[in-house]
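Okay, structure first, notes after.
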Amino acid sequence: MGPLDLRALMVLSTCCHFSTAFAWTVNNFLMTGPKAFLTYASSVQVGAKNGVQECKHQFMLEKWNCPESTLQLSTHKGLRSATRETSFVHAISAAGVMYTLTKNCSMGDFDNCGCDDSRIGQTGGKGWIWGGCSDNVAFGEKISKQFVDALEDGHDSRAAVNLHNNEAGRLAIKATMRKACKCHGVSGSCNIQTCWMQLADFREVGNYLKMKHQQAKKLEMDKKPVRAGNSADNRGGIVQAFKSIPPTELIYLEDSPDYCFKNQSLGLQGTEGRECVKGGKDASQWERKSCRRLCFDCGLRVAEKRVEVVSSCNCRFQWCCTVKCDKCKQVVTKYYCARHEAGRKPQKKTKRRQRARRH
Ligand SMILES: *[C@@H]1O[C@H](CO)[C@@H](O)[C@H](O)[C@H]1NC(C)=O
Ligand SMILES: *[C@@H]1O[C@H](CO)[C@@H](O)[C@H](O)[C@H]1NC(C)=O
């Protein structure tokens, strides 16, 4: 987590959750703080990594594919943009951290936290009562907030937008949770069930947030243009602008740059050289259109490459107990976005695109 560790640590150690007030001396303050910090820090890191991995999966075949250069979370340094894409990065990272902390808690990885048993024994609905191990999202939410939101200490509209998107990510965890139940009763008659709330697969959280990314709303601040590093003078405007936005929705401030093209100052590679997928039988709509999206829409052509792929094959079971496989070579065709060869007429679409670029 680099240079930001210290700030996150300070936030955590000033919080008095981990000890009773009167046993709290300067000495054990100094010991308990960092110790608590270290207990959670590795989970936070794992969670943030899972968030990034999910981001890369969700955007694998999009023009913007969640490159490292746009993953800078803090508003402090580097890229201070607040686009539709950075809104997704914030949400999925916050969600990843909350998810992992919550899972760790349910698995008994932390001393001071366990399943959410607040409703155990209560009637939940017709024919079922609360029981089992409900995932303790309140714990995950609280601790993840202390780490992730601590990275935003500005008071400008960007910080406000980032915090909003972090929260939307955490809400996605709650929105995708579902009830799981177990039957009880005479010989499995199931006349009474116990149920608990459990986290969805993280993939589902990713799918949910990808949909929120598509529906993200641009925050319109009245009159004054929003400028980088702007501070207190537009705080009233920020509060006003946020009023109409539900907490579950992603928001952004700036239109996205054109991800088709390389732009060094923004750390963007462009789509030249990217692999796309041509429809196979089981390709989804999204995959089938990927060559158009990544190549043609960006004024590039699709180049075919025959590549040799080595995989396991002819596997057989051997007594006892191993599986032996051969290595089989197979030539497959892969597709990449490439520039039009010089002198060759580009397609109509390309011409239009190039004209648009010149203006
Ligand atoms: C939390 O869970 C992750 C895997 O989901 C694991 O790698 C990590 O070690 C766990 N943290 C603790 C403190 O056990
Ligand atoms: C890179 O992006 C910035 C900001 O959108 C823009 O002003 C600049 O012209 C772009 N540079 C290139 C080479 O396209």
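Note that the sequence shown covers residues -21 to -1, 1 to 338 in mature numbering (1 follows the signal peptide of the UniProt record, and there is no 0).
All residues carry an ideal CB built from backbone N, CA and C; glycine is no exception.
Owing to the predicted nature of the structure, the values given are computational and were not obtained by experimental measurement.
- With contacts defined by Cβ atoms closer than 9 Å, S244 and V140 do not form a contacting pair.
- Distances from the alpha-carbon of S113 to those of S97, K121 and G104 put S97 closest.
- Just measuring C-alpha positions, the residue of W109, D135, C84 and I99 sitting nearest I122 is C84.
- In this structure, the beta-carbon distance from E41 to R318 does not fall below 9 Å.
- A Cβ-Cβ separation of about 7 Å places A154 in contact with T227 under the 8 Å criterion.
- In the three-state scheme derived from DSSP, where H, G and I count as helix and E and B as strand, M200 is classed as coil.
- Just so you know, the alpha carbons of S290 and E254 end up roughly 20 Å apart.
- The segment 180 to 195 makes no contact with the segment 126 to 138; the number of CB pairs closer than 8 Å stays below 3.
- Within the same chain, and ignoring the five residues on either side of S269 in sequence, the residues whose Cβ sits closer than 7 Å to its Cβ are L40, C255 and V256.
- Rounded to whole angstroms, the gap between the alpha carbons of K158 and I152 is 13 Å.
- A distance criterion of 8 Å places the beta-carbon of Q248 beyond contact range of ligand 2, judged by its closest non-hydrogen atom.
- Taking all protein chains shown into account, T81 has 16 or more neighbouring C-beta atoms within 10 Å of its C-beta and is therefore buried.
- Looking at the DSSP output, M86 bridges to nothing.
- Around Q37, the same chain offers G185 and K189 as residues with beta carbons nearer than 7 Å, after the five sequence neighbours per side are excluded.
- The C-beta distance from A73 to R137 rounds to 16 Å, too long to meet the 8 Å contact threshold.
- Closest in C-alpha terms to K313, from the list L279, S235 and K284, comes K284.
- Taking a 10 Å sphere around the C-beta of D135, we find 16 or more other C-beta atoms and assign the residue as buried.
- A distance criterion of 8 Å places the beta-carbon of K241 in contact range of ligand 2, judged by its closest non-hydrogen atom.
- Put simply, the backbone Cα of R280 is about 18 Å away from that of W43.
- In this structure T79 touches G26 by the C-beta definition: roughly 3 Å separates them, less than 8 Å.
- Rounded to whole angstroms, the separation of the alpha carbons of M77 and A117 is 9 Å.
- In this structure, ligand 2 has no non-hydrogen atom nearer than 8 Å to the beta-carbon of L279.
- When C-alpha distances from L229 are compared across Y187, K260 and W265, the shortest belongs to Y187.
- By the rule of a C-beta closer than 6 Å to any heavy atom of ligand 1, the residues picked out are S21, S22, V25, T79, K82, N83 and D88.
- In this structure, Y315 and A282 form a Cβ contact; the two beta carbons are roughly 5 Å apart against a cut-off of 8 Å.
- Within the segment 61 to 119, the complete alpha helix (DSSP H) runs of at least 4 residues fall at 63 to 85.
- In this structure, C307 is the residue among C307, R295 and F16 with its C-alpha nearest to the C-alpha of E287.
- Per DSSP, V302 is one residue of the beta strand (DSSP E) stretching across T301 to A317.
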